[in-house]
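In my numbering, the protein residues as written are 15 to 293. Where is the CB? At the ideal position from N, CA and C, for every residue including glycine. Here the structure is a predicted model, which is why all the values come from computation and not from measurement. Here the structure comes first, spelled out in structure tokens, and everything after it is commentary.
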């Protein structure tokens, strides 16, 4: 998972611009008068995610009978996502915040949408809260297995609040050599808290990252198999290992926990592979 900067604007900024051209003046004024309630919900979100207690946020909270679930979700869908409205500038700002346009949840696929970390269907009051909106690929947005945590351990990592990039934790192993198959897994550092270890493992599972990375690993192997075969047959196992080590070091210098880094480390450390049994 990649750490990215939080949005530099508040829910109040988003709200007031989203409703700037709202035709229903009565509803518009009630929303303006309710700005503080949006801010309270925003502050509660920030405090609870920082203490790993998001599961304590009540579901289905609304502002009033008038500013209900439908209105709250509509502000996002009709007035923040809609390219014709002023609020779209906030959507776009979050959308482009992911480095190289890559989804921060999986670090592989292209950003296609914004993900509600806590879904707007269950937490409508957070539908336009900036820190609840994260750039995401379509798959991570749709396929996350746990979207409403019931305890701290189920809280997946949040790209704005969790920074684990300076640690080495993604690993891979070869399951079979012919045909080659890989398995990716998490090996957290010993110095981490048990909670962080569990959250990372659950994040990896919730976003189906083993499936994603394993597919890419097989494709990468097929792309380099001819090269590795020639290298082994002409200069032997030691030079093959050196080549794989160089590949690992180069990728590690860019991203310690990319699927490519784990892939080359896996090949380098597999004795059977380096002895040519993949041929």
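Opposing strand residues paired with residue i [DSSP bridges]
i, result
"residue 198", "186"
"residue 111", "Its beta-bridge partners do not exist; DSSP assigns none."
"residue 150", "127"
"residue 116", "124"
Minimum C-alpha distance to residue i - residue among the options
i, options, result
"residue 276", "285, 261, 245, 240", "261"
"residue 65", "192, 238, 254, 172", "172"
"residue 63", "146, 249, 106", "146"
"residue 244", "292, 56, 180", "292"
"residue 141", "104, 89, 176", "89"
"residue 226", "120, 105, 103, 35", "120"
"residue 166", "281, 129, 69", "69"
"residue 93", "38, 29, 59, 74", "29"
"residue 197", "180, 281, 178", "281"
"residue 155", "128, 170, 290", "128"
"residue 19", "78, 112, 55, 59", "112"
Close beta carbons around residue i, own chain, < 7 Å, minus the five adjacent residues each side
i, result
"residue 26", "49, 52, 53"
"residue 76", "82, 83, 86, 138, 139"
"residue 126", "151, 152"
"residue 278", "258, 261, 262, 265"
Nearest-angstrom Cα separation, counted from residue j out to residue i
i, j, result
"residue 203", "residue 213", "13 Å"
"residue 157", "residue 188", "26 Å"
"residue 287", "residue 123", "29 Å"
"residue 151", "residue 241", "32 Å"
"residue 218", "residue 144", "24 Å"
"residue 42", "residue 162", "30 Å"
"residue 23", "residue 266", "34 Å"
"residue 257", "residue 153", "34 Å"
"residue 61", "residue 284", "45 Å"
"residue 36", "residue 103", "17 Å"
"residue 133", "residue 74", "10 Å"
"residue 96", "residue 105", "9 Å"
Other residues of its chain near residue i: CB distance less than 6 Å, five sequence neighbours each side excluded
i, result
"residue 185", "199, 201, 276"
"residue 182", "270"
"residue 192", "none"
"residue 109", "149"
"residue 32", "89, 93, 94, 101"
"residue 170", "217, 220"
Simplified DSSP assignment, three categories, for residue i
i, result
"residue 68", "helix"
"residue 176", "coil"
"residue 242", "helix"
"residue 29", "helix"
"residue 36", "coil"
Residue-level contact to chain B via CB, residue i, 9 Å cutoff
i, result
"residue 107", "In the structure shown, chain B does not exist; there is a single protein chain."
Own chain residues within Cβ distance below 8 Å of residue i, not counting five before or after
i, result
"residue 234", "274, 277"
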